[in-house]
Each structure stands twice: as structure tokens, then as C-alpha cells.
Amino acid sequence: HRDLPIRPDFVGKNVPTSRSERVEVHLAEVDGVDQVVIEE
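What the sequence shown shows, in the working numbering, is residues 3 to 42, in sequence order.
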């Protein structure tokens, strides 16, 4: 279930990263867990 409108410009938290870091977003519906991981 999703509420509309979806706003792609909304920022909940801004975390600075370097160019060598990669951000992975995992969703419970797909991955079984809601999490954001920053890897080098």
C-alpha cells in the first residue's frame, strides 16, 4: 500500500559520503529487511 503523491525530492536524512563509498538500500518487500548500508 502506498500513499500518493510520492515525492522523489523528499530528504529524510542527509549523510555525506565519499566517492569511494557505495550506498545500498534494502526494502523489506524485496530483501526481507528495511535498511541502508554504506560500504567502501
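We put the CB at the ideal spot given by N, CA and C, even for glycine.
What are the partner residues of residue i, as DSSP defines its beta bridges?
i, result
"Glu41", "Arg24"
Cβ-heavy atom distance between residue i and the ligand GTP below 6 Å?
i, result
"Val39", "Absence of the ligand GTP is noted for the structure shown, with no ligands found whatsoever."
Do you know offhand how far residue i's Cα is from residue j's?
i, j, result
"Val39", "Pro7", "27 Å"
"Glu26", "Phe12", "18 Å"
"Ser22", "Gln37", "20 Å"
Identify the continuous alpha helix (DSSP H) that holds residue i and give its terminal residues.
i, result
"Val32", "Ala30 to Asp33"
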